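Asker: Each number in the numbering used here comes from the position in the sequence shown (counting from 1) with 26 added on.
Glycine residues also receive a C-beta, built at the ideal position from the N, C-alpha and C atoms.
Bear in mind that the values here come from a model prediction, so they are computed numbers and not experimental data.
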Amino acid sequence: QSSGKAYAPATSFLPPFLSHREIPLEALFPPAALLLIHKIARTALPLLVIGEQGLGQGYLSRLLHTTGFTKGEPFLELYLAADKSENDVEALSHLLQTIHSGNSFKGTLHIHGLDNASYLLQTWLVSMLEHETVRFPDGRQIRFEGRIAASVFQPLEQVLAHSGMVPALMYK
27 QSSGKAYAPA
37 TSFLPPFLSH
47 REIPLEALFP
57 PAALLLIHKI
67 ARTALPLLVI
77 GEQGLGQGYL
87 SRLLHTTGFT
97 KGEPFLELYL
107 AADKSENDVE
117 ALSHLLQTIH
127 SGNSFKGTLH
137 IHGLDNASYL
147 LQTWLVSMLE
157 HETVRFPDGR
167 QIRFEGRIAA
177 SVFQPLEQVL
187 AHSGMVPALM
197 YK
């Protein structure tokens, strides 16, 4: 028999939504990873994070950014598609030109899917790291005083063997 009341299913089994900012870092990453991030934060070393997509590579990079020498500076993210498009240099160039201050860039650049980067972008990044200068396609240049962080979504051995990565970039 019906009581005339509408039936509402119980929703107490659904977990509340949590932002990654509300979850303690220790629950997201192993202590060794956090210790390494805090050590790297004191240096200008680039960072390469290896792991499946969606495991928090960008969050680790942002953590490094906010605790290191780039704190308070811009944090740029570039998402690369699997097609190794030559447009990736144009996209990065546009990002850097719109966000840099004065004659330098002092923030963090995080590249998601570095294993999808075109050869041209890879050599451009090597040049940025070696010469501490960004040379735009139109000939202008600015100082690069920031950090490059990147993530690859395959095991490093597979990336090196099959993706056409520039060895100089992998060893920077």
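Looking at the structure shown, is Glu192 part of a helix, part of a strand, or coil, going by DSSP?
Answerer: With the sequence shown as reference, residue 192 is identified as Val, and Glu is not the correct amino acid for it. Of the three classes helix, strand and coil, the one that applies to Val192 here is coil, per DSSP.
Asker: Quick check on the DSSP output: the beta strand (DSSP E) that includes Met135 runs from which residue to which?
Answerer: According to the sequence shown, residue 135 is Leu rather than Met. Note, Leu135: beta strand (DSSP E), 134–138.
Asker: Among the residues of its own chain, which have a CB less than 6 Å from the CB of Tyr105, if the five just before and after it don't count?
Answerer: Cβ within range, chain order: His138.
Asker: Hey, how far is the Cα of Arg88 from the Cα of Met154?
Answerer: Answer to the nearest angstrom: the Cα atoms are 20 Å apart.
Asker: Relative to the C-alpha of Lys97, which residue among Pro193, Glu171, Thr159 is closest?
Answerer: With distances taken between Cα atoms, Lys97 lies closest to Glu171.
Asker: Could you check what DSSP says for Ser119 in three-state terms: helix, strand or coil?
Answerer: Helix.
Asker: According to the Cβ coordinates, are Leu146 and Val115 closer than 8 Å?
Answerer: Cβ distance < 8 Å, so Leu146 and Val115 count as in contact.
Asker: Beta-carbon within less than 6 Å of Gln148's beta-carbon, same chain only, minus the 5 sequence neighbours each way: which residues are those?
Answerer: Taken in chain order, the residues that qualify are Val192, Leu195.
Asker: Rounded to whole angstroms, what is the Cα-Cα separation between Trp150 and Gln167?
Answerer: Their backbone Cα atoms lie some 12 Å apart in a straight line.
Asker: Would you call the stretch 172–180 and the stretch 129–138 touching, i.e. three or more CB-CB distances under 8 Å?
Answerer: Yes, the stretch 172–180 is in contact with the stretch 129–138.
Asker: Taking 8 Å as the limit between beta carbons, can you name the residues of its chain near Ala68, skipping five residues before and five after?
Answerer: First, the amino acid is wrong: residue 68 is Arg here, not Ala. So the list reads Gly94, Phe95, once near-sequence residues are dropped.
Asker: Starting from Glu156, trace the alpha helix (DSSP H) both ways and give me its first and last residue.
Answerer: Looking at the DSSP string, the run of the alpha helix (DSSP H) that includes Glu156 is 145–157.
Asker: Can you grab the Cα-Cα spacing for the pair Leu71 / His64, in whole Å?
Answerer: So the alpha carbons of these two residues sit roughly 12 Å apart.
Asker: Between which two residues does the beta strand (DSSP E) harbouring Arg88 extend?
Answerer: From DSSP, Arg88 is part of no beta strand (DSSP E) but of the alpha helix (DSSP H) over 83–93.
Asker: Rounded to whole angstroms, what's the CA-CA distance from Leu61 to Gly77? Just pull it up for me.
Answerer: So the alpha carbons of these two residues sit roughly 18 Å apart.
Asker: Taking Ala176 as part of the beta strand (DSSP E), name the residues at either end of that continuous run.
Answerer: Unbroken beta strand (DSSP E) run through Ala176: 173–178.
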